[in-house]
Every structure is written in C-alpha cells, then in structure tokens.
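For reference, the structure is listed below as structure tokens.
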Amino acid sequence: MATSSCYAAMAALSHRHRCSNSRPIDFICRNGSCKLFLTRRRMRRSFYVKSVSSEPKQKVIDPITEEGIHSYQSSFTPDAASIASSIKYHSEFTPLFSPEHFELPKAFFATAQSVRDALIINWNATYDLYEKMNVKQAYYLSMEFLQGRALLNSIGNLELTGEYAEALEKLGHTLESVASQMGNPWEIVRNDVSYPVKFYGKVVTGSDGKRRWIGGEDIVAVACDVPIPGYKTKTTINLRLWSTKVSSEQFDLYAFNTGEHTKACEAQANAEKICYILYPGDESTEGKILRLKQQYTLCSASLQDIIARFERRSGGNEIWEEFPEKVAVQMNDTHPTLCIPELMRILMDLKGMSWEKAWSITQRTVAYTNHTVLPEALEKWSYELMQKLLPRHVEIIEMIDEQLIQDIISEYGTSDPEMLEKKVNAMRILENVDLPASFADLFAKPEEILIHETSDEVVPAHEDEVVPAHEDEVVPAHEDELEGKETQEEKVIKPEPAPIPPKMVRMANLCVVGGHAVNGVAEIHSEIVKNEVFNDFFQRFSFVKFLQLWPEKFQNKTNGVTPRRWIQFCNPDLSTIITKWIATEGWVLNTEKLAELRKFADNEDIQMEWRAAKRSNKIKVASFLKEKTGYSVSPDAMFDIQVKRIHEYKRQLLNILGIVYRYKKMKEMTAAERKEKFVPRVCIFGGKAFSTYVQAKRIVKFITDVGATINHDPDIGDLLKVVFVPDYNVSVAELLIPASELSQHISTAGMEASGTSNMKFAMNGCVLIGTLDGANVEIRQEVGEDNFFLFGAQAHEIAALRKERAEGKFIPDERFEEVKEFVRSGAFGPYNYDELMGSLEGNEGFGCADYFLVGKDFPSYIECQEKVDHAYRDQKRWTKMSILNTAGSYKFSSDRTIHEYAKDIWSIKPIELP
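For the sequence shown, full-length UniProt numbering assigns the number 1 to the initial residue and increments by one for each residue that follows.
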C-alpha cells in the first residue's frame, strides 16, 4: 500500500518531522581531491530526524556551513572518480554482503546507496523549504504505484548517467548490468513515524455526548519512505508506504512457553499479513476482511500523518477551516474511499468538531479520480462486514447517506414520488438498506394483499381485518365461529418470498458525494461517466444523476506518462535521434517540441537512423525472449505487441483468435503463397490478472498453447511466432516498448477508461491498431488518422449490438465460426476449450453471449490486419508513420496532466528549490 504526491514540486506524504538544515548539494572537492559529499561523523551519516510532534524543535548542526555548501555547490561538479569512491565506501561500510568480492548484487546495492545519499540531501532541503513556507500540499492516495526500477531513473534525473557508467566501469562492471539486478535498497523505515489503527470493537457515547470507538483489534502502521527525485531540479519528494505490526505487549509469552507458539504470535501475524499480498483473493469472507483492512490502514495512517503535519505547521494555533487551504487529498479510484468517513471521524470524534464543520472541511479537501466503469473497480462492500470491522465508519456513512437523501429531496422536491424514488435509489450510498426513519413514509407502498384459493375475494394482509367477499356473504371474524359448520376449507396462497438482496455500501457513490471534484482520465471516458445513454446497456455505474445535482464537480484529466522514463531512459538511441533532429534536449521537459519531428518525417536520413534504432531494440528483445522462454525470433520480423492487464474487455482473446485465423490460412497455402501473402510477425503478449479470474487464466493458457504449436511448426518458421512473456512488469515493458512496431489496444469500445501503455508505445514510434476507446481517441487525433489502424464498433453502437444479440438477431461471420471450429478440432493440443469458446456463443446469460463483442468485431479486425501487412511492406511509409506517432505523442506527457490537476483540482502551484 502506498501514498504519494503526483506533483513533484509540492510533496507527498512527506516525513512528518523536521529534517536537518542541509542544503541541496551534489559533490564537493577538498584539498584538490573530488569526493561525493557525505557529511559523516564516526561512520554515521548526519541525517537527523527529530519528532517535533512530541519534542521541542531542535536545531540540527550541520558540520559544513551553509556558505561552504553553497560555495562547493556552485563551483564543482561530480566526476566518475568521486562516484567510484562513494560506491566503494558503501560496499565496505554499509555492508549487506561479505567483504571478499565485489560482485553484481553487491555493486547494485552499493551504487543505489551512493545515489540515495545524494537524494536524501536534496530531500531534506526540499521538505525544510516546505516546512518554512507552510505550503499547500497534494497527497495522492493509491493502493499501488507501479513505478518500476529506480536506479536508472534516479541517476538520470540527477543527470549523472555518464558519470555513474564510467565509475562502474572503473570498478569492473557496466551500469546496465548493475541496474538489471533485483532488490530494493530505496525504502527508509521511519520508526518514529507510526500511528494506531483499529478494527472491530464497538461505539459508545461518552458522558460528554461524543461517540467513541473502543475495544477491538489494535495495530500500528509504520512509515517507510522512498525518495522520488525530480528531473533537472533539486526537488525530491517521497512515496510513503505503510507497514503494519503490533506492540510487543501483544506477544503472548505464556502461550509461547506452554508450547502454543502459533497462538503466541497470532496478533503479530494478523497485523503483518495486511501487507503480505496486495489485492488478496476476496471470494472468501477472510479475503474480503483482509482487503478492507488494507484499504482502511492506508486511509487511516495517511490521514493521521497529514493532520499531524498540519498541526505541527500551525504551531498549536490550528484554524481548521483553513485545512483545505493547506491539504488536497486525491483518491485514486475507490480503494481509498474510506478516507472520507475516516477524516470525518477524526475531525468529529478526536478534534471535537460539529457534523456541519467536519463535513464542509472534508468535502473541500477530498477529490476523486475514476479510472474505470467496470463493476469490480466500482467497489461495493458488504454493509454487515463493514459494520463489524469499522462500526464507527458505518455510522458516519449512514449520516452522509441521510444528508444525501435530504439534498436530493431539496433539489427535486416531492411532487413526483416515482421519479424521486428512482433518483434516491440510484444515488444512495447504501444499497438495499431501509430509508432513515425521517424519510420512512416518503415512498410508502400500498398494503400487501393475500389471495384466497376458493373465490375471487380479496382480504387485507392483517388477520384481524376481514371484510365481506360479496355483498350477500358474511365472513366470520374469528375461527371459532366456524366450528361445527360444514364449510369448504379456505386455503390462503402466499406469494413466494423474493430473495432478500444483500445490503451494500457503494464506494463510488460515497466518493462522488464526499469530494469536491470527480474526474475521468480520457475525454471519451469522462463523457461516458456523465452520459445517461450508456447507463442501462453497459449495466454499470453512471454518474449522470450526480451530474444533474452537482454539475460543477465533473471534469476530465486525460492521463499522461513521463517522457523521461518512457523515451529518454528506456530508449536512448531514439532520444539521441530526436535531440539531433530538433536540435535541443528541451523536448524532455517540454514535449510540445516533439511536434517539430513532423517536418522531417519524409527525410531519408532520419528514416534510416530511426529504423536502425528500432532494429537495435528488437535485437535486445530477441535475446531477452530467448533467455526467458527459449523461443528464437527474428529481429527482421514485425514486432506486434499487446501487453496489459489480462481482461476480457481488453480482448487478448480477439488478438489470439486473429493469430489462429492467420495461422490456419498459412497452413492452407504453399510456402511461396505464404511468403507473398503475409508479412513475418512476432506476436508478443504480456500481462497479469487477478488471482481468481478464471477466464483470464483460460485465455493465457490458450495463448501459450497456440504459441507452442505455431513456434514448433517447421512449415511456418519465422513467418509467425507467438510468445507470452512470463512475469510481465515495468522493467520488461521498458525493454519491449522501444522495440515495438505494432501495438494492440483493442478493447470493446466504451470500456477502457484511458490506458497509458498506448501513450508509451506511441512515444516510442509504435503504430497502434485499436478501437475508438479510452485515450485511443485522442492519440488518433494527435498522430493523424492515417497513422492509426482503426477497426470495430464505436461506443454509441454497443447498446444496440448487445440488444441485437439478446434478441437472437446476430449472425456471426463465417470466418469467426471457422476459427472456433479450428480451435475445437484439437489443433492446439488436448485441452478442452469449450468453456472459452462457449463464452462467445449464445444470446444471453452469465459467461456467454459474447458480452465483449469479439465475434462482432472479428471481421473488421482481420481486415484491418491485412491493411497493417500492406503498410509494413512499404518501409518508407511505415517509418514515416512511426515518426509521426512520436511527434504526435507530445500531449500525453504526465507533466501536462499534473499541471492540470494542480490548477483545476488541487489549487497548488509549483515551488522551485533555490
């Protein structure tokens, strides 16, 4: 679990205590000898952290004067010798390995610790400035940050890549081999930054009338920080992570000494498992509890940390109404939703605020980014489970829900009860939960009636109210009046009771209600979450009713990716070409300059250099694939890549079925015909899926089976290869993306919020094939329609297509039926693919009826792939398309995105470190 700032100039969940008075420095020289400047005393780094929340502020004395530091800083630059000295120092005096050898793992940690020293100096100076200025800070709360390896990124941001490469060569290693090592030397445990977190227990009312949450299970969240440097700036912020433990008093020594060792450690084990696995399987109750514990730990610890910083900077004179002027909290999807009731709990129960004051502060502080409209991401939690685990928070959520109902009634009135009931049911935070008592009579239903079997009579549901069934017939009021009389026995038929739907807490609704801003992450996505026309046929959440109530909340912030990591550092050959032809490195910070490549797109010299850089990257990938999978691929073939989360809506199944169709057609041809018809391709897949997502596992199994068959077919050879990359991660992406020539972004239209890999591929001169979905729409606009291979149904057509399917009117293309039959023939091994193929058949029902429209888009997809083959044969045309993709990717820099968040949502401005 992690929290961090998205805005480098402002701050993340920074360390909560005042740092030393060190200033941002790099390296210094003394007595004519250049060394990495590390302030040390008796072999200890002078990196001091004092808790001013519990102790008076103390001045930390720096052994070097501020003037001396400034002098060294302005006069000297680091060189390979000083860096090598620092690395050698850490290999000896920060020992993680035995001293005999300086092998790669040891070199990696020593190098990282050398880099970390420089980061810590700048980090301290950054937060020292923030403390003095008491700036407003943005805090981005997310359950995960896939930041990739940090060594090359940090060295690159410090602009020391060449120096570190030279230093490591002096020590017998290359920077590339050192950076490829595994390990995490970056986290800094903050043992003095910890907060209590509670689960279970009960809520009581104190003598002062305040509600208090007592008893239950108590753990401690401990901060761990990772330094995050900016580029061409001394500003260094931190990514704050939380680990979990219990106090030593909870160790049961008696149980341990009587042999019950597991029981003795039970409290510690329960605390530690919160951080074992992110997103644990939640099919079991235990899995759901663990997930909810993870989410609450993130929210509670982070908010306590944020509030402690606010109080410290206020110097004991907190003006709580100004809290939103100093703090912006951004919720990344629904996982951090509990920060809304948690902030309310802290403000009301611990700070003594009224409901109205706490609610105003919370709403002005919190904002929500929606990343998807898929049901699993728009979380719903069991009301009973949450009530058991977080009883006080459920009370607060009930109060927010009641406030929301009142707001809806105030806005729409009660003149149309049917319309009002629909709005209330759609917008409420609590689903299938009775209305609060104050609104109980608002939507009262007619009295229930019972039907008698013997006549057409109708009687009320209450036994003591009996009326005549006909004018001339009297029904006795009591059963004993029927005794001794011969009457036909009447049997009351009661309708079958309807299943009781589960009570749920809608986290997305709570996000919308509790925050001051809601944003999507691509233009089409932001429109979808606002547009009611998509609500029913998507069978997913729509914000349209909230939009009517609070139109000012909703906005768009199209995603972006950093050009530092995704061009400059991972694709240095391409970076060199770009800098050469536009005659500046300024594009790294101002990506608008990439557009200048357009005027060179037809130039034969740049095209030759461009193709050479691409081929060099393909050779690296071919070597990597051989090492990881055993498959040999040709760098002269087109590299066709789809790497992303494995999910039915992302349609890896459409891709692999297209490959199966291609393979089948090849097998039906002579060798000469194949060569003439098809361009050689290496089709690469990569990605991960949730552990209990069975269909995703079937798709991965299918891809690997198809690959095993095709890759060993001597008739096909290098004309077609299929490879699934194991253990896909950011580091693998940094290798694959620069080598890509065609990338597939083929989700069902309207289902992808944005995507960011499409941006990374375009930046690296890869041509995309895709649907008009997510950021594809904007990418196609920027790179040019002729430089994007478009196919498939559009978002506004999906409703009618699903309706057509449900009505049995859909007629599949014969090529699609041909492919399914080929799969079922056993061509790819003995595995039974009936369930996988069955998901594409039928007209309705869970797990079938081709909900993601693979069959509908299949003809358009394979026809579009024929256009890809045709274009690739003309390498001059293809290279021009590649250059124009890089040139048109300038909009998709994360710098632009973060500036928009800062301006429109967080109301913060960048601060430049002096």
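Every residue, glycine too, gets a C-beta built ideally from N, C-alpha and C. Because the structure is a prediction, the values reported are computed rather than measured.
For the beta strand (DSSP E) holding residue i, just list the boundary residues, first then last.
| i | result |
| --- | --- |
| residue 387 | No beta strand (DSSP E) contains residue 387, which is instead part of the alpha helix (DSSP H) from 383-389. |
| residue 228 | 217-229 |
| residue 146 | Residue 146 -> no beta strand (DSSP E), and no H or E assigned at all. |
| residue 744 | 742-745 |
| residue 250 | That residue, residue 250, is in no beta strand (DSSP E); it is neither H nor E in DSSP. |
| residue 783 | Run containing residue 783: none in the beta strand (DSSP E); it sits in the alpha helix (DSSP H), 776-783. |
| residue 889 | Careful: residue 889 lies outside any beta strand (DSSP E) and carries neither H nor E. |
Find out if the Cβ-Cβ distance for the pair residue i, residue j is shorter than 7 Å.
| i | j | result |
| --- | --- | --- |
| residue 267 | residue 245 | no |
| residue 522 | residue 743 | no |
| residue 529 | residue 404 | no |
| residue 861 | residue 658 | yes |
| residue 855 | residue 812 | yes |
| residue 559 | residue 520 | no |
| residue 328 | residue 508 | no |
| residue 380 | residue 504 | yes |
| residue 218 | residue 198 | yes |
| residue 167 | residue 84 | yes |
| residue 626 | residue 632 | yes |
| residue 648 | residue 695 | yes |
| residue 194 | residue 222 | yes |
| residue 80 | residue 163 | yes |
| residue 154 | residue 189 | no |
| residue 749 | residue 793 | yes |
| residue 613 | residue 577 | yes |
Counting C-beta neighbours from all protein chains within 10 Å, is the total for residue i 16 or more, i.e. buried, or is it exposed?
| i | result |
| --- | --- |
| residue 111 | buried |
| residue 151 | buried |
| residue 846 | exposed |
| residue 583 | exposed |
| residue 36 | Residue confidence for residue 36 is low, a pLDDT of 31 falling below 50, so the modelled location carries little weight; the figure read from the coordinates is stated next. Result: buried. |
| residue 440 | exposed |
| residue 82 | buried |
| residue 55 | Low confidence applies to residue 55: its pLDDT is 34, below 50, so where it sits in the model is not reliable, and the reading given next is rough at best. Classification of residue 55: exposed, given that the 10 Å Cβ count is below 16. |
| residue 133 | exposed |
| residue 118 | buried |
| residue 839 | buried |
| residue 866 | exposed |
| residue 362 | buried |
| residue 434 | exposed |
| residue 902 | buried |
| residue 484 | Confidence is the limiting factor: at residue 484 the pLDDT is only 49, short of 50, which leaves the residue's position unreliable, though a coordinate-based value still follows. So residue 484 ends up on the exposed side. |
| residue 278 | exposed |
| residue 652 | buried |
Could you check where the alpha helix (DSSP H) with residue i kicks off and where it finishes?
| i | result |
| --- | --- |
| residue 93 | 80-93 |
| residue 580 | 572-582 |
| residue 244 | Unbroken run through residue 244 is the beta strand (DSSP E), 236-245; no alpha helix (DSSP H). |
| residue 107 | 104-133 |
| residue 870 | 854-873 |
| residue 768 | Careful: residue 768 lies outside any alpha helix (DSSP H), inside the beta strand (DSSP E) at 767-770. |
| residue 613 | 604-629 |
Give a yes or no on whether 7 Å exceeds the smallest Cβ distance from residue i to chain C.
| i | result |
| --- | --- |
| residue 684 | Any reference to chain C falls outside this structure, which holds one protein chain only. |
Just to confirm, does residue i get its C-beta within under 6 Å of one of the non-hydrogen atoms of the ligand COA?
| i | result |
| --- | --- |
| residue 401 | In the structure shown, the ligand COA is absent, as is every other ligand, since no ligand is present at all. |
Original post:
What are the start and end residues of each continuous alpha helix (DSSP H) run of 4 or more residues lying completely inside the region 302-330, in chain order?
Top reply: 323-326
**OP:** Take every Cβ of the region 799-808, pair it with every Cβ of the region 869-887, and state whether three or more of those distances are shorter than 8 Å.
**Re:** no
**OP:** Mind listing, in chain order, the continuous alpha helix (DSSP H) runs of no fewer than 4 residues lying wholly within the region 792-841?
**Re:** 798-806, 814-824 and 834-838
Original post:
If you pair each beta-carbon of the region 674-682 with each one of the region 887-899, do three or more pairs fall below 8 Å?
Top reply: no
**OP:** Flag this pair as touching only if the region 352-367 and the region 310-330 have three or more C-beta atom pairs under 8 Å; answer yes or no.
**Re:** yes
**OP:** State whether the region 288-297 contacts the region 328-341, with contact taken as three or more CB pairs (one from each stretch) at a distance under 8 Å.
**Re:** yes
Original post:
Are the region 92-109 and the region 176-183 in contact at 8 Å, needing three or more beta carbon pairs?
Top reply: yes
Subject >> the region 723-743 touching the region 760-768, judged by at least three CB pairs closer than 8 Å >> reply: yes
Original post:
Is the region 392-401 close to the region 197-212, with three or more CB pairs under 8 Å?
Top reply: yes
Original post:
Quick check: the region 226-239 against the region 363-373, are there 3 or more CB pairs under 8 Å?
Top reply: no
Original post:
Using 8 Å as the threshold, is the region 587-596 in touch with the region 708-725, meaning 3 or more CB pairs across them?
Top reply: no
**OP:** Report the residue ranges of all beta strand (DSSP E) runs contained in full by the region 666-719; include only those spanning at least 3 residues, in chain order.
**Re:** 681-686
**OP:** Count the CB pairs spanning the region 833-840 and the region 697-714 that are closer than 8 Å, and state whether there are at least three.
**Re:** yes
Original post:
Whole alpha helix (DSSP H) runs in the region 168-211 with 4 or more residues, listed along the chain?
Top reply: 175-179
Original post:
Okay, do the region 658-676 and the region 817-832 touch, 3+ Cβ pairs below 8 Å being the bar?
Top reply: yes
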